[in-house]
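Be aware that the sequence shown starts at 448, since it is given in the working numbering, and climbs by one per residue.
C-beta atoms are modelled at their ideal positions from N, C-alpha and C, and glycine is treated no differently.
What follows is one structure encoded as structure tokens, with my remarks underneath.
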Amino acid sequence: MGSLFWVIGGEFGSMNFHKLVEGSAQVQGPFKTRKEAEDCWREISEQNRHRGSVRFSIVEEPERKPNG
């Protein structure tokens, strides 16, 4: 099994994008490929493009190695 990808984001309280507005956080995924995550990111970003304080990013969760 490889890495997993997530699309995370929401509405931020200011244009410095440091703190999400409470209750606005969104998480999509997990996705098995970066391409799937990018497709989701494009769709959700397009839905919110008229809202300047909304931002989404793709993050990668590395494969977990078994302990032992």
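Identify which residue in the options has its Cα closest to the Cα of residue i.
i	options	result
Met462	Val501, Arg496, Leu451, Glu507	Val501
Glu392	Gly457, Glu485, Pro477, Pro513	In the structure displayed, the chain extends from 448 to 515; residue 392 sits before or after that span and is not available.
Glu508	Lys479, Glu485, Arg498, Gly499	Lys479
Gly473	Gly449, Lys482, Asn495	Note that residue 473 is Gln in the sequence shown here, rather than Gly. Looking at the Cα atoms, Asn495 is the closest of the given residues.
Phe452	Lys512, Arg481, His465	Arg481
Using the DSSP secondary-structure output, state which residues sit across from residue i in a beta bridge.
i	result
Gly456	Gln473, Phe503
Glu444	Given that the chain is displayed from residue 448 to residue 515, the structure contains no residue 444 and the question cannot be resolved.
Phe478	Phe452
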